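Peer 1: If you're matching positions, the sequence shown starts at 3 in our numbering and goes up one per residue.
We put the beta carbon where it would ideally sit given N, CA and C, even for glycine.
Note that the coordinates shown come from a computational prediction; the quantities given were computed from them, not determined experimentally.
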Amino acid sequence: MRKLTLTCFIALIVTNSLSAQTLFTFGGTPVDKDEFLRVYKKNAINQQPDYSRDALKEYLDLYSLFRMKVKEAELQHMDTISSIRYELGNYRKQLAQTYLTDEDVSKRQIEEAYARLKENVKVSHILILSSPMAPAKDTVAPYSKIDSIYNQVVTGKADFAKMAELYTDDKSTREKGGEIGYITALQTPYAFENAVYNTPTGKISKPFRTQYGYHIVKVTDRKPAQGEVKVAQIMIAAPKAKGELEIAEAEKKAKQVKAELAKGAKFEDLVAKYSEDVYTKDNGGELEKFGIGAYVPEFEKAAFALKKPGDISDVVKTDYGFHIIKLIEKYPIKPFDSMKAELKARVDKDDRAQVARETYFNGIKNKNKFKEYPQNFELVKKWFTSNIPDTGKNANRFSAKDYNGTDHTVFELKGTAYKASDLLTYAESVTQGRVMGPRDLIFKNIYDNYVKTVVSDIEEENLVNEKPEFRNLMNEYRDGIMLFELMDRNVWGKASKDSTGLKDFYNKQNGKYKWQPGFRGSVYTFKTEADMKAGLKLIGKKDMTDEKIVKELNTDKNPGAVSIQKGYYEFGKFKDFPRSAIQKGNVTEAKKNEDGSYTVVYATEVYEAENPKTLDEARGYVIAEYQDYLEKTWNEKLRAKYPVKVNEDAFNSMVKK
3 MRKLTLTCFI ALIVTNSLSA QTLFTFGGTP VDKDEFLRVY KKNAINQQPD YSRDALKEYL
63 DLYSLFRMKV KEAELQHMDT ISSIRYELGN YRKQLAQTYL TDEDVSKRQI EEAYARLKEN
123 VKVSHILILS SPMAPAKDTV APYSKIDSIY NQVVTGKADF AKMAELYTDD KSTREKGGEI
183 GYITALQTPY AFENAVYNTP TGKISKPFRT QYGYHIVKVT DRKPAQGEVK VAQIMIAAPK
243 AKGELEIAEA EKKAKQVKAE LAKGAKFEDL VAKYSEDVYT KDNGGELEKF GIGAYVPEFE
303 KAAFALKKPG DISDVVKTDY GFHIIKLIEK YPIKPFDSMK AELKARVDKD DRAQVARETY
363 FNGIKNKNKF KEYPQNFELV KKWFTSNIPD TGKNANRFSA KDYNGTDHTV FELKGTAYKA
423 SDLLTYAESV TQGRVMGPRD LIFKNIYDNY VKTVVSDIEE ENLVNEKPEF RNLMNEYRDG
483 IMLFELMDRN VWGKASKDST GLKDFYNKQN GKYKWQPGFR GSVYTFKTEA DMKAGLKLIG
543 KKDMTDEKIV KELNTDKNPG AVSIQKGYYE FGKFKDFPRS AIQKGNVTEA KKNEDGSYTV
603 VYATEVYEAE NPKTLDEARG YVIAEYQDYL EKTWNEKLRA KYPVKVNEDA FNSMVKK
């Protein structure tokens, strides 16, 4: 059994502060009081540290032992093991991402999102599709089209809704003149949201781009946000694909359900009887709570119009059918402080977080004197776009070593020149030397990512010195994975692999591992009575083994005639037959089971008293106790090697009664 105490993940922090007060030393290595208190508070249950003498003393014993093990891992250079270095590198990159953002920009985005959540905006849009992977020349036509539409509607030469019906690529809003309905923050791409909230009511935005293409939006109304609602529904399906007659029948059915409700029928009963929404039919029609923009406008309008829990709407028609909606609860927008953590998590996942990251990266680049050489980049790009074959066995493939141009510098950062060969080597590593798609755009994306990677690597190194929390978390992880490896070598793995030591440990236990009274034998389960009768003729027969019985009865036509379990069965845990029924060398009477199968037992040995388990039979228990023994022995050796001396004055200063 592998055991890791919480101390495996305690941070190791080295401080050069002259004012640091040593709390204890182990083998002459000092540990200061502030460090101890930091990890003690961090690992306290429910963040409520116990400052009693006994609690502090117990933790000091654990922590000092932990520090001894980390010291041993360092002496064995475990941080140089390739697997540990790889895992530590991955963790550092993942952890660094949470720090590589402009905190001021992020703070403003959280506040902005909350302010926008307090207002719902009714909006229509026109979309002209354009892939984010499209080369620059292929974006001209879509942009020209949206720009032309924009100029016609703002000059009054054309109606927005009519132009949406004619030209928008958003099929879901085309028949509605581009109308989306009310939206709020954190529901759409950030560029779209910005256009909506920055466009005055009654006005139309200038063309802008998202990952879907080019848009213009028209804002038609604004109103205070209504928070969220939780409702239940009865839905009679009537999608557009149905004919007029079928839709009319669905509406008639919905009105009949509404009439039954008016006569006092229970809403939940009618959900079970009539609703055709397979996702909510079995839970009383309940939907998860939602806000504006989650469902089609007609449904939302009816849901938010309900005043009190228990109120029921009239029949509501949508593109999906007819709905009767019951209000369960309303949830107003919570105060900012209570939503701050949730908003931060949502903003961090939203594409607006890229703005904070870009701001942060630009600051790092400026600080480290970033300089680009566009003309050199263009030379490398030209080679990349024109020297990769389009056909043949090497179609769309390239190798950095094939570059035959001048190895110019493409950018500089922190006094280091990054050359064409560096960029191409990176390009080969991230593409595996194969490129599919518009090469000029792909190469520009590769270049941008390469710059970000270089900047990130430099800043990751700086984070260790500039961010104590980052340094502490990195040290925690480093110590944890090193200690895990060390424990595996000295305890877990050793207990499993050291067969001689395990056997010696087992022999020294003086028969500790025992079976309770029971029997050795076989338990037979036959599928049918006929199978059982055929099996009874074979069990106990001379030279007839269980393997032969299985082969004899389990034929191609009857593959599951019998199943057999062999082993030691303790009477106290074996409930299929009474103890008196099991006799050595005898077959029990057959017992019919609830599923129609039959069970019989054949005992080869019966034990009325305890008897010892073999090493194989007790292996799991022996290994667990051998691990405990090895760890205890190892701990004693470490404490002898690294004697602990406590500064009693420093220790007493932490004690609180």
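(1) What are the start and end residues of the alpha helix (DSSP H) that includes D353?
(2) Can you tell me whether M656 is helix, strand or coil according to DSSP?
(3) On a Cα-Cα basis, can you pick out the residue from K615, S599, G587 that is closest to E607?
(4) I want to check one thing, is the minimum distance from the CB of K634 to the heavy atoms of the ligand GTP below 7 Å?
(5) Closer than 7 Å by C-beta to R69: which residues in its own chain qualify, once you throw out the five before and the five after it? Chain order, please.
(6) Alpha carbon to alpha carbon, what distance is there between L97 and L90?
(7) What three-state label does DSSP hand Y452 in the structure shown?
(8) Go through its chain and collect everything with a Cβ distance to D409's Cβ below 8 Å, but skip five positions before and after it.
(9) Would you kindly work out how many angstroms separate the C-alpha atoms of A626 and Q78, rounded to a whole number?
(10) Select from K346, T557, I128 the residue whose C-alpha is nearest the C-alpha of Y169.
(11) State the Cα-Cα distance for the pair I130 and D171, rounded to the nearest angstrom.
(12) Which partner residues of A239 appear in the DSSP bridge assignment?
(13) Check each candidate in N595, F486, D597 and name the one with the smallest Cα separation from E76.
(14) Per DSSP, D34 forms a beta bridge with which residues?
(15) Go to F194, then tell me how far its alpha helix (DSSP H) extends in each direction, as first and last residue.
(16) Tell me the DSSP bridge mates of A605?
(17) Going by DSSP, what residues sit across from L415 in a beta bridge?
(18) Across the stretch 624–642 and the stretch 561–575, are there enough close Cβ pairs to call them in contact, namely three or more that are closer than 8 Å?
(19) Within its chain, find whatever has a CB closer than 6 Å to the CB of T222; leave out the 5 residues flanking it on each side and keep chain order.
(20) Please report the Cβ distance between E531 and Y600, rounded to the nearest whole angstrom; I am assuming they are in contact, meaning their Cβ atoms lie under 8 Å.
(21) The alpha helix (DSSP H) spanning T175 covers which residue range?
(22) Three Cβ pairs or more, each shorter than 8 Å: is that satisfied between the stretch 148–155 and the stretch 239–249?
(23) Measure the C-alpha to C-alpha separation of Y631 and P614 and round it to an integer number of angstroms.
(24) Return yes when the Cβ of I206 is within less than 8 Å of the Cβ of V155, no when it is not.
(25) Among the candidates K244, I182, A252, whose CA atom is the shortest distance from the CA of I218?
(26) Return helix, strand or coil for L504, following the three-state DSSP convention.
(27) Determine the extent of the beta strand (DSSP E) in which N122 is found, giving its start and end residues.
(28) If we count Cβ pairs, one from each stretch, closer than 8 Å, do we get three or more for the stretch 440–455 versus the stretch 468–486?
(29) Give a yes or no on whether the C-beta atoms belonging to V317 and K275 are separated by under 8 Å.
(30) For V298, collect the residues of the same chain with a Cβ closer than 7 Å to its Cβ; drop the 5 residues on either side in sequence, then sort them by chain order.
(31) So for L289, helix, strand or coil by DSSP?
(32) The beta strand (DSSP E) that contains Q96, what's its start and end?
(33) According to DSSP, what are the bridge partners of R224?
(34) Are there three or more Cβ pairs, one per stretch, closer than 8 Å when the stretch 356–363 is compared with the stretch 101–109?
(35) Nearest CA to the CA of D442: which residue from E461, P391, W385?
(36) Using three-state DSSP, classify N613 as helix, strand or coil.
Peer 2: Once the coordinates are examined:
(1) DSSP places D353 outside any alpha helix (DSSP H), giving it a letter other than H or E.
(2) Here M656 sits in coil by DSSP.
(3) Answer by Cα proximity: G587.
(4) For the ligand GTP, the structure offers nothing, since it holds no ligand at all.
(5) These residues qualify, in order along the chain: F28, V33.
(6) About 10 Å.
(7) Y452: helix per DSSP, three-state reduction.
(8) Beyond the five residues adjoining it in sequence on each side, D409 comes within less than 8 Å, by CB distance, of K421, A422, S423 in the same chain, given in chain order.
(9) The C-alpha of Q78 is placed about 26 Å away from the C-alpha of A626.
(10) In terms of CA proximity to Y169, I128 leads the group K346, T557, I128.
(11) When rounded, the distance between both Cα atoms is 6 Å.
(12) DSSP links A239 through a beta bridge to G323.
(13) Selection N595, F486, D597 evaluated against E76 yields F486 as nearest (Cα-Cα).
(14) According to DSSP, D34 bridges with T24.
(15) Run containing F194: 192–200, per the alpha helix (DSSP H) assignment.
(16) BP columns for A605 point to G523, K586.
(17) Paired residue(s): T418.
(18) The answer is no - the stretch 561–575 does not touch the stretch 624–642, with fewer than three Cβ pairs under 8 Å.
(19) Closer than 6 Å at Cβ, skipping near neighbours: K124.
(20) Under the criterion of beta carbons closer than 8 Å, E531 and Y600 qualify as touching, at roughly 6 Å.
(21) In the DSSP annotation of this structure, the continuous segment of the alpha helix (DSSP H) that includes T175 starts and ends at 173–176.
(22) Counting Cβ pairs under 8 Å, fewer than three are found: no touch.
(23) When rounded, the distance between both Cα atoms is 21 Å.
(24) Contact: yes.
(25) Closest in alpha carbon position to I218, among K244, I182, A252, is I182.
(26) Residue state, collapsed to three classes: helix.
(27) In the DSSP assignment, N122 falls within the beta strand (DSSP E) that extends over 121–131.
(28) Put simply, the stretch 440–455 does not touch the stretch 468–486. Fewer than three CB pairs are less than 8 Å apart.
(29) Taking a C-beta distance under 8 Å as the contact criterion, V317 and K275 do not qualify as a contact pair.
(30) Same-chain partners within the cutoff: T320, D321.
(31) L289 carries a coil assignment under DSSP once its states are collapsed to helix, strand and coil.
(32) Q96 -> not in any beta strand (DSSP E); alpha helix (DSSP H) instead, spanning 84–99.
(33) DSSP lists V123 as partners of R224.
(34) Yes: at least three Cβ pairs fall under 8 Å.
(35) Relative to D442, the option among E461, P391, W385 whose CA is nearest is W385.
(36) Residue state, collapsed to three classes: strand.
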